[in-house]
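Residue numbers (the working numbering): 37 to 234.
Built from N, CA and C at the ideal position, the CB exists for glycine as well.
Given the structure is predicted, the values throughout are model-derived calculations rather than measurements.
A short write-up of the structure that comes next.
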Amino acid sequence: MYMTHHNSSQNITPYKTNISSNTMKLHHHNHQLILIIFLSLHLLQTPSPSKADKTLIETTCKATPSYNLCMSTLLSNPKSSSGDVSDLGLIMVAATKAKSTRALQHIKAIYRSRPELRRALNECAKMYMAVVRADVPSAVQALDGGQPKFAEDGMADAAVEAQSCERSFGQIKSPLTEMNKDIENVANVARAIIRMLL
Numbered sequence: 037m038y039m040t041h042h043n044s045s046q047n048i049t050p051y052k053t054n055i056s057s058n059t060m061k062l063h064h065h066n067h068q069l070i071l072i073i074f075l076s077l078h079l080l081q082t083p084s085p086s087k088a089d090k091t092l093i094e095t096t097c098k099a100t101p102s103y104n105l106c107m108s109t110l111l112s113n114p115k116s117s118s119g120d121v122s123d124l125g126l127i128m129v130a131a132t133k134a135k136s137t138r139a140l141q142h143i144k145a146i147y148r149s150r151p152e153l154r155r156a157l158n159e160c161a162k163m164y165m166a167v168v169r170a171d172v173p174s175a176v177q178a179l180d181g182g183q184p185k186f187a188e189d190g191m192a193d194a195a196v197e198a199q200s201c202e203r204s205f206g207q208i209k210s211p212l213t214e215m216n217k218d219i220e221n222v223a224n225v226a227r228a229i230i231r232m233l234l
C-alpha cells in the first residue's frame, strides 16, 4: 500500500509542475495575443497618412489654377499630412508671406546698386509690405475665425499687389518678374483653396 501511495505521489508532483508551466506559457501567449489585437485595431482605425492625406491634397490642388505649384508647396510642409482644407489654405497663405518676404529682401539687396529702379522698387516695397503686414495676417485671422470670405479677399489683394509691382517698372526690365509671378500664382492657389470653404 505504501509503495503504491509513494509512486502515486511521484506521478502527481510532475503533473502539477506541468500545469504551472503550461499556465505561465498560456498567460504569456494571451498577453502577446492581446498586444497583437490592440496594434491591429489601432492600425485599422488610423488610415495610412501618406495615402489618405495625399488624396485630399491632390483633390484640393486639382481645383486650383496651378496643380503642380499647389502640390509641391503643400507636400513640402509636414503639416499638410494631417490637415483639412482650412489647414491647407493656411499653408498656402504662409507660403505667400514667405515669398513676399524674400521679394522684400531682394528689393533691399539691389536698391543701392540700381538707382534707375528706385522709384519702382519703392513701389514694390510698399506693395509687399502690405502683403506681409495686412493681407496675410487678415487671411490667417479670417481662416482661424471661420470667415473664409475675408481670407479670400486678402489673398486676392496679395495677387493684385504682385501684378502692381510688376507694372510699376513700366518699360524698364523688371528684376522681380519671376518673383512677382510666383507670388501671384501662390496667392491665387491660396485663394482657390480658401474658396472651397465658402
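Legend entry - Simplified DSSP state of T100, which is helix, strand or coil: coil
Inset, instruction - Out of G190, I146, Y103, L179, state which residue places its alpha-carbon closest to the alpha-carbon of A161. - result: I146
Inset, instruction - Would you identify the three-state DSSP class for L233, choosing helix, strand or coil? - result: coil
Inset, instruction - Report buried or exposed for G181, applying the criterion of at least 16 other Cβ atoms within 10 angstroms of its Cβ. - result: exposed
Inset, instruction - Would you identify the three-state DSSP class for N216, choosing helix, strand or coil? - result: helix
Legend entry - Member of D189, A166, T95 whose CA lies at the smallest distance from the CA of K133: A166
Inset, instruction - Could you spell out the range, first to last residue, of the alpha helix (DSSP H) harbouring Q199? - result: 184–203
Legend entry - Where N113 falls: helix, strand or coil (DSSP): coil
Legend entry - Beta-carbon contacts of R154 that lie in its chain and below 7 Å, excluding the five residues immediately before and after: Y147
Legend entry - Classification of I143 by the beta-carbon crowding that lies within 10 angstroms, buried from 16 upward: Buried, since its Cβ has 16 or more Cβ neighbours within 10 Å.
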